[in-house]
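In full-length UniProt numbering, the protein residues as written are 1 to 608.
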């Protein structure tokens, strides 16, 4: 058993050298600093390369996630190089980390030596321990793991109980080697699945700044307000000239641009849908510069419709040859019934009584949002008498066709949107003032509005099964599109230009695994460093014991070097050896032992 290593123990031989515990503790201060420096440096380097990878992908370049991939404007070559550096740093520092773990193991070994417990290795077990800590590779780990689990002849030939320190060394080595190889595999996976892709970069727009906002033409509104008052038709003043009394066709000045806009034939305006399905009045495609992104304001309409046919009919009542009876008054806000009351085919905004406004009354609409209702007849959905067609809302009624009663809620909004790569993202939308509602709804009175919307989505329910959503979109598009004549261009916000560039397409799974491994690796090293530093500072000789399980030079010294007591107390294994002479050269091969037996090994003796 080893002698007591406590600070109060005095060493009889060479007490004035490094065997003195007090001096050992003093030297421990500098060793503690080196331990802390090593651990912190490892963590710093690992976090530095991980931060460099994130900075390369997310900080210095633009990026977005799509279908399990991270698309970034960062070039593929430098990005993969940094990822490779991440895995390489982990692989290279595993031996250093196991060297830090050896401080705690050495402390446990010294404590067991002092107390006489079984946490002490046999010569074979010590060799296995050194193999794990110094080798730091799969071969040594596999050998030690098999020995610990009782596999192989070595385990049977070494029946003594395995020390806890050997088990700890195997677990620590397995943990960090697993992290290291996971980093290598994930980095290889990332490299194999990544590819270069086009990624335009944003820059300042060059040239004349286009006016892409659509704002109300207040000059037109003011001029027509004066005309309306002079006629006098003061109720037409808010309409900005969209409907002018006393001119024959009251919509003659505004209807042509509206028709061109909804037919995608206008050179000034068009209608586009934002990501929340709001129909926006926007510049014509021909006016849009290529490869740009900008923020702009405009007006739009958002409609939400539902089919109320089932609430307006009694399928068991009319026969195949009878006229379809409709009565929505009892269960809905649409106050309409056939054949006894109302227009045979109502289509428009509802007033407070639940009836459709007359065309000349739309200028009196005074709510936003407003209710819209329509009775639609179609021959596309005719199947059998007295049956609904799937979930379209159409009810088939013999030669009368199929009928659908729709009730909608529409809102006119003042919107701010972001245009990028052909798509419109809604940033904000607030209900517009009632005058805007009057301007937009008055165009329902134009010719054929009641047929254009149904005709545009005729039969779509047979293709998609969702007639109501298509009707809602088309209603919104026509309402805002027909008001196109009252808008003028305005300045855009945050206009940027996209320039051609090449980026990288990185698969998210291996990238995430790599970054998580780097984080776990860094976080677990810190407590190990603190334990190593604490042990080396508080307990003498820990650094000496640590060299005996981490450095092969100490084993060679113990086995073959001339023993010099004074040299054995150094922390530098290279200083253990005295000046070699010619006769100190070692031989390997069969040789005679002192008892006359022939053995094979290493010795200063010549082979037999």
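Here a beta-carbon is modelled for each residue, glycine too, at the ideal position from N, C-alpha and C.
Query raised in the report: Taking Cβ to Cβ, would you say residue 502 is nearer than 9 Å to residue 140?
Result: Taking 9 Å as the cut-off, the beta carbon of residue 502 is found no closer than this to the beta carbon of residue 140.
Query raised in the report: CB-CB under 7 Å to residue 264, same chain, minus the five flanking residues each way: which ones, in chain order?
Result: Cβ neighbours of residue 264 beyond the five flanking positions: 270.
Query raised in the report: How is the alpha helix (DSSP H) around residue 311 delimited, first residue to last?
Result: Residue range 309-312 is occupied by the alpha helix (DSSP H) that includes residue 311.
Query raised in the report: Ordered along the chain, which non-local residues of its own chain (more than five positions away) have a Cβ less than 7 Å from that of residue 322?
Result: Since pLDDT at residue 322 reaches only 48, below the 50 mark, its modelled position is unreliable, and the value read off the structure follows with that caveat. So the list is empty, once near-sequence residues are dropped.
Query raised in the report: Per DSSP, what kind of secondary structure is residue 56 in: helix, strand or coil?
Result: Annotated three-state conformation of residue 56 is helix, per DSSP.
Query raised in the report: Run through DSSP, which three-state label would residue 214 get?
Result: Strand.
Query raised in the report: If we count the other Cβ atoms within 10 Å of its Cβ and call it buried at 16 or more, is residue 41 buried or exposed?
Result: Label assigned to residue 41: exposed.
Query raised in the report: So, helix, strand or coil for residue 438, using DSSP?
Result: The answer is helix: DSSP assigns residue 438 an H, G or I state.
Requested in this report: Check each candidate in 151, 107, 142 and name the one with the smallest Cα separation from residue 649.
Outcome: Summary: the structure shown does not reach residue 649, with the chain confined to residues 1 through 608, and so no result is reported for it.
Report task. Using 10 angstroms around the beta-carbon of residue 562, count the other beta-carbons present and answer buried if the total reaches 16, otherwise exposed. Result -> It counts as exposed.
Requested in this report: Give the range of the beta strand (DSSP E) segment to which residue 282 is assigned.
Outcome: It spans 279-283 - the beta strand (DSSP E) in which residue 282 sits, taken as one unbroken run.
**Report entry** residue 546 versus residue 534 - alpha carbon distance
**Finding:** Near 14 Å, if we compare the C-alpha coordinates of residue 534 and residue 546.
Query raised in the report: From the DSSP output, which residues share a beta bridge with residue 305?
Result: The bridge partners DSSP lists for residue 305 are 408.
Report task. Could you tell me which of 379, 415, 408 sits nearest to residue 401, measuring between CA atoms? Result -> Closest by alpha carbon: 379.
Query raised in the report: How far does the beta strand (DSSP E) with residue 375 in it reach, from first residue to last?
Result: Residues 370-378.
Report task. Identify whether residue 611 lies in helix, strand or coil by the three-state DSSP scheme. Result -> What the structure shows of the chain is the stretch from 1 to 608, and residue 611 is not part of that stretch, so it cannot be assessed.
Query - Cutoff 8 Å; reference residue 47; Cβ partners in own chain excluding five residues on either side - result: So the qualifying residues of the chain are 518, 522.
**Report entry** Three-state class that DSSP yields for residue 591 in the structure shown
**Finding:** Residue state, collapsed to three classes: strand.
Query raised in the report: How about residue 498 and residue 202: are their beta carbons less than 9 Å apart?
Result: Between residue 498 and residue 202, the C-beta spacing is below 9 Å.
Requested in this report: Determine the burial state of residue 407: buried for a count of at least 16 other Cβ atoms within 10 Å of its Cβ, exposed for fewer.
Outcome: Counting other Cβ atoms within 10 Å of its Cβ, residue 407 reaches 16 or more and is therefore classed as buried.
Requested in this report: Following the continuous beta strand (DSSP E) through residue 196, name the residue where it begins and the one where it ends.
Outcome: Start and end: 195-198.
Query - Stretch pair the region 179-186 + the region 80-94: three plus CB contacts closer than 8 Å - result: Yes, they touch.
Query raised in the report: Any idea what DSSP makes of residue 550, helix, strand or coil?
Result: Reduced to three states, the DSSP call for residue 550 is helix.
Requested in this report: For my contact list, residue 129 and residue 39 are in at a C-beta cut-off of 8 Å; report their separation, rounded to the angstrom.
Outcome: That belief does not hold up - the Cβ atoms of residue 129 and residue 39 are roughly 21 Å apart, past 8 Å.
Query raised in the report: The beta strand (DSSP E) spanning residue 497 covers which residue range?
Result: For residue 497, the uninterrupted beta strand (DSSP E) segment begins and ends at 493-499.
Requested in this report: Report yes if the C-beta distance between residue 410 and residue 303 is below 9 Å; otherwise report no.
Outcome: In this structure, residue 410 lies near residue 303, with their beta-carbon atoms less than 9 Å apart.
Query raised in the report: What are the partner residues of residue 270, as DSSP defines its beta bridges?
Result: According to DSSP, residue 270 bridges with 282.
Report task. Would you kindly report the start and end of the unbroken alpha helix (DSSP H) that includes residue 103? Result -> Taken as a continuous stretch (DSSP letters only), the alpha helix (DSSP H) holding residue 103 covers 76-115.
Report task. Would you decide whether residue 151 is buried or exposed? Buried here means 16 or more other CB atoms lie within 10 Å of its CB. Result -> Residue 151 counts as exposed, since fewer than 16 other beta carbons sit within 10 angstroms of its beta carbon.
Requested in this report: Taking the CB atoms as reference points, tell me whether residue 492 and residue 296 lie closer together than 9 Å.
Outcome: Yes.
Query raised in the report: For residue 146, which three-state DSSP category applies?
Result: Three-state result, residue 146: helix.
Query raised in the report: By DSSP, does residue 133 sit in helix, in strand, or in coil?
Result: DSSP places residue 133 in helix when its eight states are reduced to three.
Query raised in the report: Of the residues 306, 374, 300, which one's Cα is nearest the Cα of residue 428?
Result: Of the candidates 306, 374, 300, the one whose C-alpha sits nearest the C-alpha of residue 428 is 300.
**Report entry** Check whether residue 168 and residue 104 have beta carbons under 9 Å apart
**Finding:** Result yes, Cβ atoms of residue 168 and residue 104 sit closer than 9 Å.
**Report entry** Identified DSSP bridge partners for residue 507
**Finding:** The partner list for residue 507 (beta bridge, DSSP) reads 69.
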